[in-house]
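Notes follow once the structure below has been shown.
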Amino acid sequence: MATEGIVADLSELIGLREQARRLDLAPRGRVLATRTGGHLSRFRGRGMEFDESRVYQPGDDPRNMDWRVTARAGRPHVKTFREERERPVWLLVDQGPSMRFGTRIAFKSVVAARAAALVGWAAIDRGDRVGGLVFDEARHLERRPAARAAGLLPLLDRLASPLPESSGGCEGGGYGSLVEAAEHLIRLVRPGSLMVVLSDFAGLRRANAGWLAALATCAEVVLLPVHDPIEIQAPPPGCYPVTNGLRRSLLDLRSARSREAYEERFRTRFETLESLARRHRAHVLRLSADVPVGPTLALGLGGRGRLIGEARFL
């Protein structure tokens with residue numbers, strides 16, 4: 249059976265590395281890490297990059313004396329430095345039941361897999377460590393951020409694997425919601441990390457969004473909501489058969505009221521996401537199943553320094 253657009257292809261995910269070079273993952277805030285890499289941190293100390301000279305304070309290392317500035321100013325000055333640091337990048341990728349849906353080019357789960365691959369490769373090319381958590385209702389795979397492709401490749405392999413009868417080979421059972429998966433990561437994410445969340449945020453409620461507040465206190469958070477065009481605008485009036493692969497049902501959209509309620513659910517979900525992102529200074533970029541992922545990310549991530557409300561949604 250053909251699986252194009254239904255299940256991500258591993259060779260395609262690996263091949264996206266070339267496209268990933270167009271993405272801008274430069275940090276927008278403080279970068280706090282402990283290993284050498286491609287970002288300048290706000291850590292001060294003896295490092296590789298000169299930062300500034302300032303007035304000597306008791307306890308400063310005399311080996312860092314800036315004698316030229318001292319002679320010119322008539323007061324002792326020392327040099328301060330900032331080190332190049334790599335940044336942990338976490339990919340939280342939802343592959344649950346609501347993501348395995350699509351009416352156009354690909355399932356939302358496949359769009360999320362492609363976006364995760366692009367972001368992961370872009371981070372690796374910058375010298376960052378990449379890891380993450382891929383989950384559905386039956387299984388999950390977690391990898392701590394690792395250098396080069398050691399953390400990313402297992403995640404891509406999992407993203408390209410269809411849901412099996414058992415969860416053999418994975419590190420544990422599944423998560424019933426994005427909330428559960430995100431709450432698991434809160435204790436693992438270190439200050440200065442970049443957290444990229446790929447989901448349709450189907451179960452998002454203000455009351456259960458504490459995970460976003462917790463992550464945003466220590467990480468730069470990028471939210472990549474994935475939607476199918478049919479979620480935004482209801483199809484023509486009628487009854488539509490739907491299935492989750494196991495059960496079949498009818499979606500009754502014959503009345504104007506039912507169509508209005510259908511569209512309102514999506515608007516409410518995204519308005520909630522926007523509001524929460526503003527509150528916690530997260531970034532949002534919408535991904536649509538009928539629009540190529542690479543160009544959307546290349547354009548959107550280039551402007552993610554703007555807060556929600558100023559950003560363009562593609």
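Be aware that the sequence shown starts at 249, since it is given in our numbering, and climbs by one per residue.
Cβ atoms here follow ideal geometry from the backbone N, Cα and C, with glycine treated the same way.
*Trp-369: buried (16+ other C-beta within 10 angstroms of its C-beta) or exposed?*
Buried.
*If you draw a straight line from the alpha carbon of Asp-272 to that of Gly-486, how long is it in whole angstroms?*
The straight-line gap from Cα to Cα measures roughly 44 Å.
*Consider the Cβ of Arg-320: report whether some Cβ of chain C lies at a distance smaller than 9 Å.*
Protein chain content of the structure displayed is limited to a single chain, and chain C is not contained in it.
*asked:* Leu-340 and Ala-365 - do their beta-carbons sit closer together than 9 Å?
replied: No; because the gap between Cβ atoms is not below 9 Å, this pair is not in contact.
*If you compare alpha carbons, which of Thr-318, Phe-349, Ile-254 and Ala-530 is closest to Thr-465?*
Checking every option, the nearest Cα to that of Thr-465 belongs to Ala-530.
_Check this for me: beta carbons of Arg-563 and Leu-436, under 9 Å apart or not?_
Because residue 563 is not part of the residues shown, which for the chain are 249 to 562, the question remains open.
*asked:* Do Gly-458 and Glu-232 have their beta-carbon atoms positioned less than 9 Å apart in this structure?
replied: With the chain represented from 249 up to 562, any question about residue 232 goes unanswered, as that position is not in the structure.
_Rounded C-alpha distance that separates Ala-397 from Ala-319_ = Separation of Ala-397 and Ala-319 (C-alpha to C-alpha, rounded to the nearest whole angstrom) is 49 Å.
*Which same chain residues, not among the five before or five after Ser-447, have their C-beta less than 6 Å away from its C-beta?*
So the list reads Asp-342 and Leu-426, once near-sequence residues are dropped.
*asked:* Just to confirm before moving on: does the CB-CB distance between Ala-482 and Arg-517 stay below 9 Å?
replied: No, Cβ-Cβ distance for Ala-482 and Arg-517 is not below 9 Å.
*Burial state of Thr-491 (16 or more Cβ within 10 Å)*: It counts as exposed.
*Tell me whether Arg-387 sits in a helix, a strand or coil according to DSSP, three-state version.*
Looking at Arg-387 - three-state DSSP - the assignment turns out to be coil, as it is neither helix nor strand.
*In three-state terms, what does DSSP make of Arg-323?*
Three-state result, Arg-323: coil.
_Is the separation between the beta-carbon of Ala-386 and that of Gly-350 shorter than 9 Å?_
It is not a contact, given that the beta carbons lie outside the stated cut-off.
*Whole-angstrom distance between Asp-309 and Val-378, CA atom to CA atom*: Going by the C-alpha atoms only, they are around 35 Å apart.
*Which whole runs of the beta strand (DSSP E) in the region 431-486 are 3 residues long or more, in chain order?*
Runs of the beta strand (DSSP E) lying entirely within the region 431-486, each at least 3 residues long, are 441-447 and 467-475 in chain order.
*Around the C-beta of Asp-376, are 16 or more other C-beta atoms found within 10 angstroms, so that it is buried, or is it exposed?*
Counting every other CB atom within 10 Å of its CB across the protein chains shown gives Asp-376 a total of 16 or more, marking it as buried.
*asked:* Out of Phe-355, Asp-257 and Val-317, which one is the CA nearest neighbour of Gly-344?
replied: Comparing Cα-Cα distances from Gly-344 to each of Phe-355, Asp-257 and Val-317, the minimum goes to Phe-355.
_Short of 8 Å in beta carbon distance, which residues of its chain neighbour Leu-521, apart from the five on each side in sequence? Order them along the chain._
The residues are Phe-449, Leu-452, Leu-471, Pro-473 and Val-532.
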